[in-house]
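J.: Starting off with a structure, shown below.
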Amino acid sequence: MVTFDCSASHHDGVTLVTVHLRALETATRVTVRNCLDGPVWPPRSEGMPEAGWSATGFSGVLAPGSHALGYATPARPEGTPAELADVVAVPDADPVAERSDRPADVVRELGDPSPPADAVPAAGPEPSSPTANDAGPRTTPDSEAQSSASLAAAAVDDGAPADRDGAHREADAEGDHTAQLPPELGPWLAEMERRADAAETLAAAETLPEATRAVREAGGLAEVRTLADAGDERRLRLVARRARRLADRRAGATIPVETLSTLA
Amino acid sequence: MILAVTGGKGGVGKSTVAYNLAAQLDGCVVDGDLAMADLPAGHGPDLHDVLAGRATPAEAVREDGPVTMVPCGRTLAGARAVDPTKLADTLERLDRTHRWVVVDSPAGLRADVGLPLAVADAAVLVTTDSTAALADALRVRELARELGAGLCRVVLNRVGADPATATVADRFGAPVVAVPDSDALATAQRHGRPVDRTAPDSVAAAAFENLAAAVYACSSV
Numbered sequence: 048m049v050t051f052d053c054s055a056s057h058h059d060g061v062t063l064v065t066v067h068l069r070a071l072e073t074a075t076r077v078t079v080r081n082c083l084d085g086p087v088w089p090p091r092s093e094g095m096p097e098a099g100w101s102a103t104g105f106s107g108v109l110a111p112g113s114h115a116l117g118y119a120t121p122a123r124p125e126g127t128p129a130e131l132a133d134v135v136a137v138p139d140a141d142p143v144a145e146r147s148d149r150p151a152d153v154v155r156e157l158g159d160p161s162p163p164a165d166a167v168p169a170a171g172p173e174p175s176s177p178t179a180n181d182a183g184p185r186t187t188p189d190s191e192a193q194s195s196a197s198l199a200a201a202a203v204d205d206g207a208p209a210d211r212d213g214a215h216r217e218a219d220a221e222g223d224h225t226a227q228l229p230p231e232l233g234p235w236l237a238e239m240e241r242r243a244d245a246a247e248t249l250a251a252a253e254t255l256p257e258a259t260r261a262v263r264e265a266g267g268l269a270e271v272r273t274l275a276d277a278g279d280e281r282r283l284r285l286v287a288r289r290a291r292r293l294a295d296r297r298a299g300a301t302i303p304v305e306t307l308s309t310l311a
Numbered sequence: 017m018i019l020a021v022t023g024g025k026g027g028v029g030k031s032t033v034a035y036n037l038a039a040q041l042d043g044c045v046v047d048g049d050l051a052m053a054d055l056p057a058g059h060g061p062d063l064h065d066v067l068a069g070r071a072t073p074a075e076a077v078r079e080d081g082p083v084t085m086v087p088c089g090r091t092l093a094g095a096r097a098v099d100p101t102k103l104a105d106t107l108e109r110l111d112r113t114h115r116w117v118v119v120d121s122p123a124g125l126r127a128d129v130g131l132p133l134a135v136a137d138a139a140v141l142v143t144t145d146s147t148a149a150l151a152d153a154l155r156v157r158e159l160a161r162e163l164g165a166g167l168c169r170v171v172l173n174r175v176g177a178d179p180a181t182a183t184v185a186d187r188f189g190a191p192v193v194a195v196p197d198s199d200a201l202a203t204a205q206r207h208g209r210p211v212d213r214t215a216p217d218s219v220a221a222a223a224f225e226n227l228a229a230a231v232y233a234c235s236s237v
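Chains as they are written, first to last, in my numbering: chain A, 48 to 311; chain B, 17 to 237.
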């Protein structure tokens, strides 16, 4: 049951009204109406009235517990300064927002303090840049137009370093960067890397002698054709996507080892 | 106990106050200015590494200098690579192993100022008596209040012979400690040493002693 009491004090021509709402058991929508003969001067931040305040008083959802509301008015304190006009329990509603001190909320409200990307000198590839893998710049439509060779190379680039970055960004990834790849994947990735190198050499060849040499190194025209049609890029992206999905699932599922061992 | 040394405006002496206060309290000072680190750095992992997940908070603590500290990286690329939300957790973890964690906050009003305030038990505001510095410090005081960091003291830095401490105290609603403009202090800071080691009898050293005593008093309330 809610208990309501209020008091008023008068200083320098301004009446300060204090309202106490105690022992709210669930989130509750309350309406507190000013009974004094004057306008409500609500609490403000940044010059704007706080959420829930209007010309007649306060109306909003309060979290369980005890709360104090206060406002000012130029009217003289005569009689009961305020009344509780309405109380409705609304267990599912979100209480009136106070400034949250959760780190993510602080960043959201105050702004990311990181220096802008343009301020960072572009000194070659930046392996620890957080935007490098988030933006996914290589999946834009115009990059489809590039030769499949350079894309295959890009896909390999995307693989290992970007995933390691992803691990750095995870909250619980301490020490992940030292983790080794599973042994089954090593030879396959090495083969993919070799083919990407070959594709790059082929794509970069501009003169006849260069092209001849590149084709010979790749093992002949038939091999070149096989390399072009192999679909390496698609497969590598598939692996990357699946690996990322699995990593997300693992990140979402915390295994309560301590609890389980206690139960066992 | 986490103590945020903050102030809004740049160049008012936040780093100097944080460093010397940490020296007095025998605490750990954290250089929280992620993009413009100010406190002396050495080799080894720093706050950028911690916030990017490459090192633990304990690994970044330097105990070889005159003041225990967590330095911050100097590169903009490093500042861009950090996850700022980890700052809160990092400070709380340092708080478990150190009696006093003094955070040297950057200028401005962005999340790198707000995050230390969100986890801090108390704040020390640093300002000079210039109008711009006072206005910025009042804005930070507002933010500190919203984020639940009680204002312990206002440091009126670089004051002359007759500081307007009463006016400032009235404006901020908190007691003021005046730190005089001092060559001894500037020299000590330039050399990366607290002033109570280089000039223990100076007026500045006495001012920090007062400030530390006041912070002790705040913590026991």
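From the three backbone atoms N, C-alpha and C, an ideal C-beta is built for every residue, glycine too.
Determine, using beta carbons only, whether B/A71 and B/P61 come nearer to each other than 8 Å.
T.: Here residue 71 of chain B refers to the residue found at position 55 when the second sequence is read from its first residue. Here residue 61 of chain B refers to the residue found at position 45 when the second sequence is read from its first residue. In this structure, B/P61 lies closer than 8 Å to B/A71 by Cβ.
J.: Anyone know if the C-beta pair for B/V46 and B/L110 falls short of 8 Å?
T.: Working through the second sequence from its first residue, we reach residue 46 of chain B at position 30. Working through the second sequence from its first residue, we reach residue 110 of chain B at position 94. A contact, by the Cβ cut-off of 8 Å.
J.: Could you spell out the range, first to last residue, of the beta strand (DSSP E) harbouring A/E130?
T.: As a working note, residue 130 of chain A is residue 83 in the first sequence. Segment 129-136, the beta strand (DSSP E) holding A/E130.
J.: Let me know if B/W116 comes out buried or exposed under the rule of 16 or more other beta-carbons within 10 Å of its beta-carbon.
T.: On the second sequence, position 100 is the one that residue 116 of chain B refers to. The residue in question, B/W116, is buried, as its Cβ has 16 or more Cβ neighbours within 10 Å.
J.: Along chain B, which residues have their Cβ under 8 Å away from the Cβ of A/S161?
T.: Your numbering for residue 161 of chain A matches position 114 in the first sequence. Ordered by position in chain B, the residues that pass the 8 Å Cβ test against A/S161 are L50, A51, A95, R96, V98, P100.
J.: What residue range is occupied by the uninterrupted alpha helix (DSSP H) comprising B/T106?
T.: Here residue 106 of chain B corresponds to residue number 90 of the second sequence, with the count starting at 1. B/T106 -> alpha helix (DSSP H) spans 102-113.
J.: Can the beta-carbon of B/C168 be found less than 8 Å from the beta-carbon of B/A202?
T.: Sequence index remark: in the second sequence, residue 168 of chain B carries index 152 (1-based). Sequence index remark: in the second sequence, residue 202 of chain B carries index 186 (1-based). Against a cut-off of 8 Å, the Cβ pair of B/A202 and B/C168 comes out as no contact.
J.: Could you work out which residues of chain A lie near B/V92, taking near to mean beta carbons separated by less than 8 Å?
T.: Counting from one through the second sequence, the residue named residue 92 of chain B turns up at place 76. Going by the sequence as given, residue 92 of chain B is Leu instead of Val. In chain order: P162, A166, V167, P168.
J.: Starting from B/L159, trace the alpha helix (DSSP H) both ways and give me its first and last residue.
T.: Within the second sequence, the letter at position 143 stands for residue 159 of chain B. Residues 147-162.
J.: Identify whether A/L63 lies in helix, strand or coil by the three-state DSSP scheme.
T.: As a first step, residue 63 of chain A must be located in the first sequence, where it is residue number 16. In this structure, A/L63 counts as strand in the three-state DSSP scheme.
J.: Nearest to B/G94 by alpha carbon, out of B/L50, B/H59, B/T144?
T.: Taking the second sequence and counting its residues from 1, one reaches residue 94 of chain B at position 78. Minimum Cα distance to B/G94 is reached at B/L50.
J.: List, in order along the chain, the chain A residues whose C-beta lies closer than 9 Å to that of B/L125?
T.: Against the second sequence, residue 125 of chain B aligns to sequence position 109. Here the neighbours are L157, G158.
J.: Given that A/P90 touches chain B, what residues does it touch there, using C-beta distances under 7 Å?
T.: Walking along the first sequence from the start, residue 90 of chain A turns up at place 43. None at all; the shortest Cβ gap to chain B is about 12 Å.
J.: Mapping the DSSP letters down to three states, classify B/C44 as helix, strand or coil.
T.: What you label residue 44 of chain B is simply residue 28 of the second sequence in a count that begins at 1. It is a strand residue.
J.: Would you report the Cα separation of B/G176 and A/L63, rounded to the nearest angstrom?
T.: For this step, residue 176 of chain B is matched to residue 160 along the second sequence. For this step, residue 63 of chain A is matched to residue 16 along the first sequence. Answer to the nearest angstrom: the Cα atoms are 40 Å apart.
J.: Is the separation between the beta-carbon of A/V137 and that of A/T75 shorter than 8 Å?
T.: In the first sequence, the residue the question calls residue 137 of chain A occupies position 90. In the first sequence, the residue the question calls residue 75 of chain A occupies position 28. Going by C-beta atoms, A/V137 is nearer than 8 Å to A/T75.
J.: Please report the straight-line C-alpha distance between A/L283 and A/P234, rounded to a whole angstrom.
T.: By one-based count along the first sequence, residue 283 of chain A stands at place 236. By one-based count along the first sequence, residue 234 of chain A stands at place 187. One C-alpha to the other measures close to 14 Å.
J.: Have a look at A/S101 and B/A222 and give me their C-alpha separation to the nearest angstrom.
T.: On the first sequence, position 54 is the one that residue 101 of chain A refers to. On the second sequence, position 206 is the one that residue 222 of chain B refers to. About 51 Å.
J.: Hey, does A/P208 have any beta-carbon neighbour from chain B nearer than 8 Å?
T.: Mapped onto the first sequence, residue 208 of chain A falls at position 161. Low local confidence applies: a pLDDT of 41 at A/P208 is under 50, so the model's placement there is unreliable, and no value is given.
J.: Could you tell me which residues DSSP puts in a beta bridge with B/T143?
T.: If you number the second sequence from 1, residue 143 of chain B lands on position 127. The partner list for B/T143 (beta bridge, DSSP) reads B/L172.
J.: Taking only the alpha-carbon atoms, compute the straight-line gap between A/D133 and A/G60 and give it to the nearest angstrom.
T.: For the purposes of this step, residue 133 of chain A is identified with residue 86 of the first sequence, where counting begins at 1. For the purposes of this step, residue 60 of chain A is identified with residue 13 of the first sequence, where counting begins at 1. Answer to the nearest angstrom: the Cα atoms are 30 Å apart.
J.: Grouping DSSP H, G and I as helix and E and B as strand, with all else coil, what is A/P90?
T.: Taking the first sequence and counting its residues from 1, the one referred to as residue 90 of chain A is at position 43. Note: A/P90 maps to coil in three-state DSSP.
J.: Contact defined as beta carbons within less than 8 Å: I believe B/A204 pairs with B/P210. What is the distance between those atoms, to the nearest angstrom?
T.: Counting from 1 along the second sequence, the entry for residue 204 of chain B is found at position 188. Counting from 1 along the second sequence, the entry for residue 210 of chain B is found at position 194. Contact flag correct, Cβ pair sits at about 6 Å.
J.: What are the residues in the segment 149-164 of chain B lying within 7 Å of chain A by C-beta distance?
T.: The residues in question are E162, L163, G164.
J.: Is the CB-CB distance between A/A313 and A/A252 below 8 Å?
T.: Since the first residue of chain A shown is 48 and the last is 311, residue 313 of chain A is not available in this structure.
J.: In the structure shown, what three-state DSSP assignment does A/C53 receive?
T.: Within the first sequence, the letter at position 6 stands for residue 53 of chain A. Of the three classes helix, strand and coil, the one that applies to A/C53 here is strand, per DSSP.
J.: Give the interface partners of B/D128 over in chain A, defined as CB-CB distance under 8 Å, in chain order.
T.: Here the question's residue 128 of chain B lines up with position 112 in the second sequence. The answer, in chain order, is P160.
J.: Expressed to the nearest angstrom, what Euclidean distance is found between the alpha-carbon atoms of A/A115 and A/L285?
T.: Along the first sequence, one-based indexing puts residue 115 of chain A at 68. Along the first sequence, one-based indexing puts residue 285 of chain A at 238. Their backbone Cα atoms lie some 56 Å apart in a straight line.
J.: Check whether the Cβ atoms of A/L71 and A/V49 lie closer than 8 Å to each other.
T.: As a first step, residue 71 of chain A must be located in the first sequence, where it is residue number 24. As a first step, residue 49 of chain A must be located in the first sequence, where it is residue number 2. Yes, Cβ-Cβ distance for A/L71 and A/V49 is below 8 Å.
J.: In chain B, which residues lie with their C-beta within 9 Å of the C-beta of A/D52?
T.: If you number the first sequence from 1, residue 52 of chain A lands on position 5. By Cβ distance, chain B contributes nothing, its closest Cβ being about 25 Å from A/D52, past 9 Å.
J.: Anything in chain B within Cβ reach of A/P142, meaning under 9 Å, just list it in chain order.
T.: Here residue 142 of chain A is taken as the residue at index 95 of the first sequence, counted from 1. Neighbours of A/P142 on chain B: none; closest Cβ ~16 Å, over 9 Å.
J.: Where does A/W100 sit, in a helix, a strand or coil, going by DSSP?
T.: Position 53 of the first sequence holds residue 100 of chain A. It is a strand residue.
J.: From A/G107 to B/G166, what does the alpha carbon distance come to, in whole angstroms?
T.: Here residue 107 of chain A refers to the residue found at position 60 of the first sequence. Here residue 166 of chain B refers to the residue found at position 150 of the second sequence. Cα to Cα, the separation comes out at about 27 Å.
J.: Can the beta-carbon of B/A185 be found closer than 8 Å to that of B/P179?
T.: Position 169 of the second sequence, counted from the first residue, corresponds to residue 185 of chain B. Position 163 of the second sequence, counted from the first residue, corresponds to residue 179 of chain B. No.
J.: Does any residue of chain B have a CB that is nearer than 8 Å to the CB of A/D279?
T.: Taking the first residue of the first sequence as position 1, residue 279 of chain A is located at position 232. No - not a single Cβ of chain B is within 8 Å of the one on A/D279.
J.: Count the other CB atoms within 10 Å of the CB of B/L63; is the residue buried (16 or more) or exposed (fewer)?
T.: Counted from its first residue, the second sequence places residue 63 of chain B at position 47. So B/L63 ends up on the buried side.
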